[in-house]
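Residue numbers (the UniProt record's numbering): 1 to 198. Notes to accompany the following structure.
Here you go:
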């Protein structure tokens, strides 16, 4: 205990900032215990694999890594992830065109089926069958042209409504070429159901 001389003021006690901070933390509380270092850092990966001993093994590892990367990128592109798509399929306008095409039934999607029938008809040694094959091919070609005109007008209309500054010329051809593919073979995969309103 310190003695105080008469006539002297008691020494003012300065607040200790460290004690003040400790009191604040104690009062506020973190709400959870401090995690262990192993929990905070997470599970560490195991030791790295030993380096390849031969060129053949190094080439095999490189191919496995490339295949894993390609698989994940292809899955992302098939889902329509814009960052994983090739340049010709990127952009909101192209996605809109894909949705317009995928939401309707297109005559062009039967192109490969009719082409196979026509090819088979050419090999049948019967002039009547061959003439019918030519007629079928010509009629189907006219149907595809008519359907493509209707599809092109619809694409222009929908794109002009949502993206007034977009160039529709390349988008129309993009949609028509997609419409000639069988639905399940289209890439990126269709994101809308048949008959959906786009």
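Glycine is no exception: its CB is placed at the ideal position from the N, C-alpha and C atoms.
**Prompt:** Does the count of Cβ pairs from the region 146-155 and the region 82-89 closer than 8 Å reach three?
**Reply:** no
**Item:** Inter-stretch contact (C-beta, 8 Å, three-pair minimum) for the region 96-109 and the region 177-193
**Value:** yes
**Request:** Assign residue 106 to buried or exposed, taking buried as 16 or more other Cβ atoms, counted over all protein chains shown, within 10 Å of its Cβ.
**Result:** Counting from 1 along the chain shown, the entry for residue 106 is found at position 106. Buried, by the Cβ-count rule.
**Request:** Could you tell me the distance, in whole angstroms, from the CA atom of residue 114 to the CA atom of residue 58?
**Result:** Translated into the one-based positions of the chain shown, residue 114 becomes position 114. Translated into the one-based positions of the chain shown, residue 58 becomes position 58. Between residue 114 and residue 58, the C-alpha separation is close to 48 Å.
**Message:** Check whether chain D comes within 8 Å of residue 164, counting only Cβ atoms and requiring the distance to be less than that.
**Reply:** Of the protein chains in the structure, only one exists, and it is not chain D.
**Request:** Would you mind reading off the limits of the alpha helix (DSSP H) that contains residue 187?
**Result:** Translated into the one-based positions of the chain shown, residue 187 becomes position 187. That residue, residue 187, is in no alpha helix (DSSP H); it is neither H nor E in DSSP.
**Asked** Does the beta-carbon of residue 93 have 16 or more other beta-carbons within 10 angstroms, so that it is buried, or is it exposed?
**Response** Taking the chain shown and counting its residues from 1, one reaches residue 93 at position 93. Classification for residue 93: buried.
**Message:** Measuring straight from C-alpha to C-alpha, what distance separates residue 52 and residue 63?
**Reply:** Residue 52 sits at position 52 when you count from the first residue of the chain shown. Residue 63 sits at position 63 when you count from the first residue of the chain shown. Roughly 13 Å separates the two Cα atoms.
**Request:** Would you be able to state if there are at least three C-beta pairs under 8 Å between the region 114-124 and the region 133-147?
**Result:** yes
**Distance, residue 166 Cα to residue 172 Cα** = Within the chain shown, numbered from 1, the residue matching residue 172 stands at position 172. Within the chain shown, numbered from 1, the residue matching residue 166 stands at position 166. Between residue 172 and residue 166, the C-alpha separation is close to 11 Å.
**Asked** Under three-state DSSP, which class holds residue 57?
**Response** For the purposes of this step, residue 57 is identified with residue 57 of the chain shown, where counting begins at 1. Helix at residue 57.
**Asked** How would you write the range of the alpha helix (DSSP H) that residue 153 sits in, first residue to last?
**Response** Reading the chain shown from its first residue, position 153 is the one you call residue 153. First-last of the alpha helix (DSSP H) with residue 153: 127-162.
**Message:** Using the Cβ count rule (16 or more neighbours within 10 Å means buried), how would you classify residue 177?
**Reply:** Taking the first residue of the chain shown as 1, we reach residue 177 at position 177. Classification of residue 177: exposed, given that the 10 Å Cβ count is below 16.
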